[in-house]
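Trainee:
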Amino acid sequence: MKAFMDKDFLLESETARKLYHDYAAATPILDYHCHINPREIAEDRQFDNITQVWLGGDHYKWRFMRSCGVEEKYITGDASDYEKFCAWAECLGKAIGNPLFHWSHLELQRYFGYQGVLNKKTADEVWTLCNEKLRHPSMSVRNLIKRSNVTLLCTTDDPVDSLEWHEQIAADSSFDVKVLPAWRPDKAMNIEKADYLEYLGKLAAAADMSAITTFAALKDALKARMEYFAQRDCSVSDHGLEYVMYQPASEAEVEAIFAKRTSGQTVTREEELKFKTAFLIFVGREYHRRNWAMQLHYGCKRDNNTARFLQLGPDTGFDCINNHTPSAQLADFLNALNVTDELPKTVIYSLNPQDNQAIGSIIGCFQDSSAAAKIQQGSAWWFNDHKTGMQDQMISLANLGNLSGFVGMLTDSRSFLSYTRHEYFRRILCNLLGGWVENGEFPADYHILGEIVTDISYHNARRYFNFPL
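Throughout, this note's numbering is defined as the position within the sequence shown, counted from one, plus 9.
1) Would you report the Cα separation of W225 and Q304, rounded to the nearest angstrom?
2) Could you give the DSSP three-state label for I200: helix, strand or coil?
3) Using DSSP's beta-bridge definition, name the partner residues of H306.
4) Just the C-alpha distance for Y358 and G398, rounded to the nearest angstrom, thanks.
5) Pull up the DSSP beta-bridge partners for Q386, would you.
6) With burial defined as no fewer than 16 other Cβ atoms inside 10 Å of the residue's Cβ, what is the status of C139: buried or exposed?
7) Out of H306, V263, T60, Y123, which one is the CA nearest neighbour of N331?
8) Tell me the start and end of each unbroken alpha helix (DSSP H) in the segment 321 to 359 that is at least 4 residues and wholly inside, in chain order.
9) Using a Cβ-Cβ cutoff of less than 7 Å, which residues in the same chain neighbour P362 once the five nearest sequence positions on both sides are dropped?
10) List the whole-angstrom C-beta distance separating I546 from F375, where the pair is believed to meet the contact cut-off of C-beta under 8 Å.
11) Locate the alpha helix (DSSP H) running through K70, then write down its first and last residues.
12) Express the C-alpha separation of C329 and R72 in angstroms, rounding to a whole number.
13) With three or more C-beta pairs closer than 8 Å as the rule, is the segment 145 to 153 touching the segment 460 to 467?
14) Taking the alpha carbon of A34 as the point to measure from, which residue in K142, Q55, N158 has its own alpha carbon closest?
15) For T141, which option in G122, L127, K155 has the closest C-alpha, if you only look at C-alpha atoms?
16) Can you list, in chain order, the residues of its chain whose CB lies under 8 Å from that of L426, leaving out five sequence neighbours each side?
17) From what residue to what residue does the alpha helix (DSSP H) around D57 run?
18) Quick check on the DSSP output: the alpha helix (DSSP H) that includes V292 runs from which residue to which?
19) Going residue by residue through the segment 209 to 239, where are the continuous alpha helix (DSSP H) segments of at least 4 residues, counting only ones entirely within it?
20) Whole angstroms are fine: how far does the CA of L343 sit from the CA of K202?
21) Look up L162 in the DSSP assignment and give the residues it is bridged to.
22) Of the choices P323, G410, A345, whose alpha-carbon is the least far from that of Q366?
23) Quick check on R278: buried or exposed, where buried means 16 or more other Cβ atoms within 10 Å of its Cβ?
24) In the structure shown, what three-state DSSP assignment does M403 receive?
25) Pop quiz: L101 and L143 are said to be a contact at Cβ under 8 Å. What is the actual Cβ separation, rounded to whole angstroms?
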């Protein structure tokens with residue numbers, strides 16, 4: 010029997026162990042997509058207790074606690090931080106087979122030096138240990154990032170954001186980790202939302218415009234804000250989509266749809282999709298012109314529990330996989346940009362694991378010499394970022410494309426302890442490659458294998474996103 014989560018955790022062969030320990034383990038982290046708050050980095054926040062750093066905003070944990078029948082009071086309610094931690098500890102003790110069990114214990118090992126198991130019996134011991142360590146200056150937000158060997162991270166930022174915290178971080182020579190903005194224009198695209206007109210007012214103000222009353226004016230405002238982001242070293246965008254739609258319309262028709270919405274009327278579903286198609290085509294061309302990468306996250310049906318959404322708001326653990334993700338429209342959208350030679354570097358993520366092969370076949374249609382692995386299948390995302398999901402995504406990518414050119418893992422997290430997810434991913438990667446070598450499917454050439462491992466872990470993303478490192 011193997012020891013519980015020891016130094017060779019998930020590494021099932023000698024080749025896997027060599028690849029991880031000799032190559033992957035010491036390679037830095039480049040976290041090109043996360044949801045952490047740049048203000049907390051600028052102010053170098055110090056957490057009062059483990060609940061604040063571990064359970065605040067973590068809908069992964071919240072979903073599991075609800076699955077265990079925990080009362081909402083102990084999840085997002087008014088229970089004390091200690092009570093919430095104890096509730097989580099009891100749940101975690103039974104989380105067999107769930108990646109939360111591995112993630113949580115990797116964090117306890119790497120940041121707190123705790124080699125035991127967290128459950129209801131050890132909750133008080135771990136609570137005391139973690140809180141004592143969190144009081145030390147070495148456990149501030151900036152120091153957690155530094156000790157995680159992170160060289161650069163990208164937050165997720167709306168076009169109206171002032172980026173003041175990014176500017177403050179960049180001006181501070183005492184902190185050498187780059188914290189860059191990433192452009193997330195969903196609110197500018199979501200014409201069907203009730204607060205869309207209110208948002209247009211905010212965007213106009215940010216772009217120094219009196220108002221946005223036409224689609225042409227919206228494009229001007231977005232270009233102005235892209236320039237503002239670019240001046241602060243932004244080189245990556247991100248979109249959260251139901252699916253990648255492609256329902257083209259003439260410029261005049263799109264202007265009419267926009268005029269209808271800005272007059273206070275509701276647009277039809279067909280009009281919404283035509284507008285969003287025009288929006289994505291426009292920003293895609295701008296990304297190409299600026300050499301920005303475009304990330305497309307799709308396949309999520311959000312806020313399914315209406316009662317809880319009204320009580321708690323979005324991003325609280327009530328989203329699910331949407332099976333309606335037509336791959337033909339994704340191909341048509343990429344082709345619409347490619348036909349005029351304006352297709353930017355693009356990373357495609359689907360929440361539905363059944364889309365792996367479809368994505369793999371589509372990206373091969375649009376590769377060219379302008380960038381290595383120009384069109385990427387993104388890492389196993391959200392409900393798929395577990396051992397099985399990561400293996401399946403990488404095997405599919407290897408079968409249909411260029412795994413060695415893969416830009417690798419990201420945290421997609423709101424927690425400053427989530428960098429161990431990169432370790433988790435790298436162990437799974439090394440075990441997968443090691444298995445192929447041990448089975449005689451690839452030569453035991455460690456010069457090439459080591460390069461593949463470190464490229465996927467770090468260097469591919471550094472080159473792909475054109476980051477200023």
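Every residue gets a Cβ at the ideal spot worked out from N, C-alpha and C, and that includes glycine. Given the structure is predicted, the values throughout are model-derived calculations rather than measurements.
Mentor: Looking at the atomic coordinates:
1) Counting from 1 along the sequence shown, the entry for residue 225 is found at position 216. Counting from 1 along the sequence shown, the entry for residue 304 is found at position 295. Contrary to the premise, residue 225 reads as Ala rather than Trp in this sequence. Approximately 24 Å, taken between the alpha carbons.
2) Along the sequence shown, read from residue 1 onward, the residue named residue 200 stands at position 191. Three-state DSSP puts I200 in coil, outside helix and strand.
3) Sequence index remark: in the sequence shown, residue 306 carries index 297 (1-based). DSSP lists G249, Y358 as partners of H306.
4) Here residue 358 is taken as the residue at index 349 of the sequence shown, counted from 1. Here residue 398 is taken as the residue at index 389 of the sequence shown, counted from 1. Approximately 13 Å, taken between the alpha carbons.
5) Locating residue 386 in the sequence shown gives position 377, where the first residue counts as 1. For Q386, which the question treats as bridged, DSSP gives the partners I357.
6) Within the sequence shown, the letter at position 130 stands for residue 139. Burial call: buried.
7) By 1-based counting over the sequence shown, the position of residue 331 is 322. Among H306, V263, T60, Y123, the Cα nearest to that of N331 belongs to H306.
8) 336 to 347
9) Along the sequence shown, one-based indexing puts residue 362 at 353. Contacts found: N393, G398, D401.
10) Beyond the ends of the chain as shown, which are 10 and 478, falls residue 546; an answer cannot be given.
11) Here residue 70 refers to the residue found at position 61 when the sequence shown is read from its first residue. 68 to 76 is the span of the alpha helix (DSSP H), which, as asked, contains K70.
12) Taking the sequence shown and counting its residues from 1, one reaches residue 72 at position 63. Taking the sequence shown and counting its residues from 1, one reaches residue 329 at position 320. Answer to the nearest angstrom: the Cα atoms are 11 Å apart.
13) no
14) As a position in the sequence shown, residue 34 is number 25, starting the count at 1. Ranking the options by Cα distance to A34, first place goes to N158.
15) For the purposes of this step, residue 141 is taken as the residue at position 132 of the sequence shown. According to the sequence shown, residue 141 is Glu rather than Thr. Comparing Cα positions, the closest option is G122.
16) Taking the sequence shown and counting its residues from 1, the one referred to as residue 426 is at position 417. Correct list, in chain order: V62, W63, E116, Y120, L153.
17) Taking the first residue of the sequence shown as 1, we reach residue 57 at position 48. From DSSP, D57 is part of no alpha helix (DSSP H); its letter is neither H nor E.
18) As a first step, residue 292 must be located in the sequence shown, where it is residue number 283. Residues 278 to 299.
19) 224 to 239
20) Numbered from 1 along the sequence shown, position 193 holds the residue referred to as residue 202. Numbered from 1 along the sequence shown, position 334 holds the residue referred to as residue 343. Whole-angstrom Cα-Cα distance: 26 Å.
21) Position 153 of the sequence shown holds residue 162. BP columns for L162 point to D40, V188.
22) To locate residue 366, count along the sequence shown from 1; it is residue 357. The candidate whose alpha carbon is nearest that of Q366 is G410.
23) What you label residue 278 is simply residue 269 of the sequence shown in a count that begins at 1. Burial call: exposed.
24) Sequence index remark: in the sequence shown, residue 403 carries index 394 (1-based). Correct three-state label for M403: helix.
25) Residue mapping note: residue 101 aligns to position 92 of the sequence shown, counting from 1. Residue mapping note: residue 143 aligns to position 134 of the sequence shown, counting from 1. Rounded, the Cβ-Cβ distance is 18 Å, inconsistent with contact.
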